[in-house]
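Accompanying notes for the structure given below.
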Amino acid sequence: MSSKIVNKSIKTHEKKDNKNEITNDINRKKLNVTNTLLIIIFSLTVALIISMITIPYIQFKNKDIEINYNTEFNNNDYTAKNLFKNYTKEVIVKDNINNKKIGTYEIEYKLKFGLINIIKKRKVKVIDNIKPDIKLKGNNVEYVCPNKEYIELGYSATDEYDGDLTNKVEIKNYKDNITYKVSDSSGNVSTITRNIKYEDIEKPTITLKGSDNITLYVGNKYNEDGYTATDNCDGDLTNKVKVTNNIDINTPGTYKVTYKVIDNSNNEITKERNITVKKWSIIRPSSGGNGKGIVYLTFDDGPNEGTTNIILDILKEEGVQATFFVTNYGPDYLIKREYDEGHTVALHTASHQYGIVYASVDNYFNDLNQVSNRVERITGEKSMISRFPGGSSNTVSSRYSKGIMTTLTSEVKKRGYHYFDWNVDSGDAAGASIDGVYANVINNISPNRENVVLMHDVKYTTTNALRSIIRYGKQNGYTFKKITYDTVMVTHGVNN
Ligand code: ZN
58 MSSKIVNKSI
68 KTHEKKDNKN
78 EITNDINRKK
88 LNVTNTLLII
98 IFSLTVALII
108 SMITIPYIQF
118 KNKDIEINYN
128 TEFNNNDYTA
138 KNLFKNYTKE
148 VIVKDNINNK
158 KIGTYEIEYK
168 LKFGLINIIK
178 KRKVKVIDNI
188 KPDIKLKGNN
198 VEYVCPNKEY
208 IELGYSATDE
218 YDGDLTNKVE
228 IKNYKDNITY
238 KVSDSSGNVS
248 TITRNIKYED
258 IEKPTITLKG
268 SDNITLYVGN
278 KYNEDGYTAT
288 DNCDGDLTNK
298 VKVTNNIDIN
308 TPGTYKVTYK
318 VIDNSNNEIT
328 KERNITVKKW
338 SIIRPSSGGN
348 GKGIVYLTFD
358 DGPNEGTTNI
368 ILDILKEEGV
378 QATFFVTNYG
388 PDYLIKREYD
398 EGHTVALHTA
408 SHQYGIVYAS
418 VDNYFNDLNQ
428 VSNRVERITG
438 EKSMISRFPG
448 GSSNTVSSRY
458 SKGIMTTLTS
468 EVKKRGYHYF
478 DWNVDSGDAA
488 GASIDGVYAN
498 VINNISPNRE
508 NVVLMHDVKY
518 TTTNALRSII
528 RYGKQNGYTF
538 KKITYDTVMV
548 THGVNN
């Protein structure tokens, strides 16, 4: 019995071993598969690593590229390299980008590596993201007169890609705002608003007739040359201009005439005219008394070298002041001496040629201005005392211009001149001798009036008679004075 049991037991044991063997076999096979897989994975990994190390790889900094219309695409953000070497320079790039046309383009990067062609691609979009440009004619804030309507001043719209879009501008009015809107073919929208203000913010304009700067001489009258005033909204405002001035015509200085006007919207403008009041050389006080028994020695046609200087010497020695009606002849220094020694430098004529001077009114003043300019240049002061060549009573002028003296005698006064003729003629111009000149003067001066004596400082006879005439006058109670602005004009009757 017991052996049976043992046998049984052995048999059971054998069975068990058999089972184990089968299991081991299966396990061994499994292990083999796993090992093979591991080897394959390992090999692939090694191959991958090797290929990663050895096959160059093309790489971009930016995968998707968008560029704006008309801009250059800087295709330099790619690299091609493996662990050992940089192949970027060997990459061949192919593209069909047209940056003038919106669209999507492809770039191909190709690198030959042994037998392998490594190719990579990416896309470039050319887009338009620039808004159209609207330009308004006029201003963004436009002022319109309160009594007027806004009239569209115009506009234009352009787009870099689409060109002129002016026709596509949509205009909307809302209260006092006008909105201009336009969209380009890529949907970029621009709007601009114009604000209309119904206000008059512009000042009126004052325009002065005549000069902005006027020179007057003491005692002259200021004549307003006129002005106009207009306003952008209110039109002509000339009648509303207020004119004021602070001129003191008796005091040399600078003054202003002020023009002021205010429009209906209270915009005010002022304009000024500058007035300079100058003194005359002749306004300086003369020595001696006033009224009767005065002798005004007047010398025409100079200055003249050899006579005028002797006359000036005598006047100085005798302490007498006189009046010189000068021409454009002779040296400047004698006029300067006349002025410096306190005599009155007055205007006679530049040319002293009747045919020129009396040919026309314009000719007369042209000639007078020339001698006036000379005097002002030499003395620094303008003289407004004059004497007509031949006197205002001359008839010689009728040969050249009928009635001219009638016009001239009133015109010179209008222009502010004081013209003097004479009431004592020394006769020197007619050829009187030294004694004759002396006699003509002393016999014709009167203690009962102001005597204006005509002499010529170009005449040696006058030069030689002068001292005796002065001595006679002093001994007989006469006073010698120069003509000034205050001197009562002594004038002849006009004969032409
Ligand atoms: Zn003369």
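Take the numbering used here: the final residue in the sequence shown is number 553, and no numbers are missing along the way.
Beta carbons are placed, not taken as given, at the ideal position from N, Cα and C, and that holds for glycine.
The beta-carbon separation of T536 and V352, rounded to 7 Å, stays under the 8 Å limit for a contact. Between P189 and L222, the C-beta gap is smaller than 8 Å, which places the two residues in contact. Residue environment analysis places V239 among the buried positions, since at least 16 neighbouring C-beta atoms fall within 10 angstroms of its C-beta. Relative to the ligand ZN, the nearest heavy atom lies less than 7 Å away from the CB of P446. Around T364, the same chain offers D514, V515, K516, Y517, T519, T520 as residues with beta carbons nearer than 8 Å, after the five sequence neighbours per side are excluded. Given a length threshold of 4 residues, each whole run of the alpha helix (DSSP H) inside the stretch 403–456 is given here in chain order: 411–414, 418–436.
The three-state reading of DSSP puts T536 in strand, counting E and B together. R394: member of the alpha helix (DSSP H) spanning 389–397, first to last residue. Of the residues assessed, T463 falls on the exposed side of the cut-off, its CB having fewer than 16 other CB atoms within 10 angstroms. If you draw a straight line from the Cα of V201 to the Cα of E256, it is about 6 Å long.
By the Cβ criterion, the stretch 486–502 is not in contact with the stretch 415–424, since fewer than three pairs of Cβ atoms, one from each stretch, lie closer than 8 Å.
The beta-carbon separation of T384 and H405, rounded to 5 Å, stays under the 8 Å limit for a contact. In the displayed model, D134 falls within coil according to three-state DSSP, outside both helix and strand.
Between I154 and V183 the beta-carbon gap is near 7 Å, inside 8 Å, which marks them as a contact.
The ligand ZN has no heavy atom closer than 7 Å to the beta-carbon of H549.
The alpha helix (DSSP H) runs lying completely inside the stretch 169–198 and spanning 4 residues or more number zero. By the criterion of at least three beta-carbon pairs nearer than 8 Å, the stretch 161–174 is not in contact with the stretch 220–234. Remark: C-beta atoms of N505 and N480 do not approach each other more closely than 8 Å. Short of 6 Å from the beta carbon of D241, and not among the five residues preceding or following it, lie these beta carbons of its own chain, in chain order: P189, D216, D219.
The three-state secondary structure of N497, taken from DSSP, is helix. Taking C-beta atoms as the reference points, N156 and T128 count as a pair closer than 8 Å.
Among the bridge pairs identified by DSSP, H475 is matched with I442. Distances taken from the Cβ of D357 to the heavy atoms of the ligand ZN include one shorter than 7 Å. Remark: C-beta atoms of V453 and Y411 approach each other more closely than 8 Å. Under DSSP, the beta-bridge partners assigned to D216 are G220. H400 has its CB no nearer than 7 Å to any heavy atom of the ligand ZN.
Taking 8 Å as the cut-off, the beta carbon of T466 is found no closer than this to the beta carbon of S443.
Inclusion of H400 and T380 in the CB contact set at 8 Å is warranted, their separation being smaller than that value. CA-CA distance, Y474 to P388, rounds to 25 Å. For H475, the Cβ stays outside the 7 Å cut-off from all heavy atoms of the ligand ZN.
With a threshold of 16 other beta carbon atoms within 10 Å, D478 meets it and is buried. Restricting attention to Y126, Y457, N143, K118, the CA atom closest to the CA of N133 is found in K118.
Around the beta-carbon of D288, 16 or more other beta-carbon atoms lie within 10 Å, marking it buried. Taking L273 as reference, the option from A522, E438, R524 with the minimal CA-CA separation is E438.
Going by DSSP, T365 is part of the alpha helix (DSSP H) stretching over 365–375.
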